[in-house]
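One structure is given here, and the rest of the page talks about it.
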Amino acid sequence: MKKILTFISIISIVGVLASCGKEEANTEPKPRTCEQIKPCKMALKYATYVEQGAADKVYEMDTKQEGVRSYRSLEVAKENISSDYKQYQHQKIEKYGLLEYDIVPNKQYIYKFKYRDFRTGELKTNTVGVLKENSKYVTYQYFNGVSKSDITVSGEIINHKRYYSKGLTNQEKKELKPLLVEQ
96 MKKILTFISI ISIVGVLASC GKEEANTEPK PRTCEQIKPC KMALKYATYV EQGAADKVYE
156 MDTKQEGVRS YRSLEVAKEN ISSDYKQYQH QKIEKYGLLE YDIVPNKQYI YKFKYRDFRT
216 GELKTNTVGV LKENSKYVTY QYFNGVSKSD ITVSGEIINH KRYYSKGLTN QEKKELKPLL
276 VEQ
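Position in the sequence shown counted from 1, then plus 95, gives you the numbering used here.
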């Protein structure tokens, strides 16, 4: 009886050992969403304010650097609030695809969003820069788009990460996939 139990134990141990290595352990962390990454969340909020036409909120999120701000002053920003802002003020960019370029790790990022325009429903691209000034993230908009030189460091194009909003179908991901800056 002992020999039979020993034999069965050995076979089951051999079976367990044989199955090891057939599947690789997945130690990779789950991909995070834009909303879980502070600079990306800031860029999404900024892009939403731009889309709503909330020029005053855009101005308040802007970097304080002269020549980079969206408006000269808060008063000028308030004058440029979209006339239909009230209609879109509670709307958010919910379905999007984006590229993240980490220009200076943990200090400077470029985010290129692709989503549907609130007013027309057409596909739209918006590029937002995020800087860490002291311990706070501030934003700025690329009005003329990002150039290849903006994502190049020491002659090399920076790798990008791609994110999508939750719950998109494969077709929506295909539609909302922004073109790489380097293309």
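The beta carbon of each residue, even a glycine, is placed where N, CA and C say it ideally should be. Here the structure is a predicted model, which means the values were calculated and not measured.
For Leu274, name the three-state secondary structure that DSSP assigns.
coil
State whether the region 218-229 contacts the region 131-140, with contact taken as three or more CB pairs (one from each stretch) at a distance under 8 Å.
yes
Does the beta-carbon distance from Cys129 to Leu193 come in below 8 Å?
yes
Taking C-beta to C-beta, are Thr222 and Gly240 nearer than 8 Å?
yes
From Asn254 to Lys219, what distance separates their C-alpha atoms?
23 Å
What number of angstroms, rounded off, separates the C-alpha of Glu267 from the C-alpha of Arg257?
14 Å
Inter-residue Cα distance where the pair is His185 and Val199:
33 Å
CA-CA distance, Gln147 and Lys272?
22 Å
Sorted by chain position, which residues of the same chain lie with C-beta nearer than 7 Å to Tyr183's C-beta, five sequence neighbours on each side aside?
Gln147, Gly148, Phe213
In the structure shown, what three-state DSSP assignment does Gln203 receive?
strand
Determine the extent of the beta strand (DSSP E) in which Tyr237 is found, giving its start and end residues.
No beta strand (DSSP E) contains Tyr237, which DSSP labels as neither H nor E.
Once the 5 residues before and after Val276 are set aside, which same chain residues still bring their CB inside 6 Å of it?
Val241, Ile246
Classify Leu274 as buried or exposed, calling it buried when 16 or more other Cβ atoms lie within 10 Å of its own Cβ.
exposed
Just to confirm my understanding: we take Lys209, look at its own chain, exclude 5 residues before and 5 after, and list those with CB closer than 6 Å. What are they?
Gly192, Thr220, Leu271, Pro273
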